[in-house]
Every structure is written in structure tokens, then in C-alpha cells.
Amino acid sequence: MSGMGEDYRVDLDQLLEHVERCEEFDKKVEDWLDQIEQAITRLHVSWSGDAAAAQRDYHDHWVQGAQEMKDSLGKLRDRAQTNHDSYSGLIEHQRGMWP
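Pasting the structure below:
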């Protein structure tokens with residue numbers, strides 16, 4: 002963004018592409034967390050006690066953080082799509098006003 006009173010621009014198509022790349026990364030994170038969850042489940046068959054509980058709590062903290070990231074990314078996508086649709090519609094409307 003430029004100084005006050007100056008124009009600024011947002012490339013909405015590029016913004017949506019960036020959100021899509023973030024969503025792809027989010028899917029990778031989900032896959033990694035699933036793999037880690039499976040490993041933890043196997044490990045905890047023979048591991049218990051304070052250290053095992055602490056490890057489980059830490060993993061749960063990471064899962065919660067990943068869910069927060071996913072939720073925020075969904076909100077960002079919704080807002081970016083709404084803005085894209087609104088601005089695109091406005092541009093088409095204005096073009097229609099001036100033959």
C-alpha cells in the first residue's frame with residue numbers, strides 16, 4: 002500500500018492463486034499430522050507415563066494449531082472470493098454504463 006491519498010491495487014486473481022497454494026500446503030500438513038497420529042498411536046501401545054502424556058499433549062497442541070490455520074485460511078478464501086466477485090461485477094457494470 003502506498004502513502005495516504007495514493008492509489009493501491011490488489012491483483013485479486015493472484016490473491017486467489019496464493020490462497021489456493023496455501024490450501025495445498027494445508028492439505029500436506031493434514032497428511033503429515035495423520036502420519037504422526039498413526040505413529041503416536043503405535044508408540045503409545047508400549048509407552049505410557051508422564052513423558053507419553055506430555056508428548057500426546059504437545060501433539061494435540063499442534064493439531065489444534067493446524068485446525069486454527071485451516072479455519073483462518075477458509076475465512077481468507079471466502080473473503081478473497083467475495084472481493085473478487087464484487088470487484089469483477091463492478092467492473093463489468095461500469096463497462097456496461099459506457100458504450
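When you read off a place in the sequence shown, starting at 1, and then add 1, the result is the number in this note's numbering. Beta carbons: idealized from backbone N, C-alpha and C, even for Gly.
- In this structure, His85 and Leu34 do not form a Cβ contact; the two beta carbons are roughly 30 Å apart against a cut-off of 8 Å.
- Distance between Gln65 and Lys71, taken at the CA atoms: about 10 Å.
- When only Cα atoms are considered, Glu21 and Arg78 end up about 8 Å apart.
- Note on geometry: alpha-carbon atoms of His62 and Gln15 lie some 32 Å from one another.
- Each residue's CA atom was taken as its position, placing Lys28 and Gln68 some 11 Å apart.
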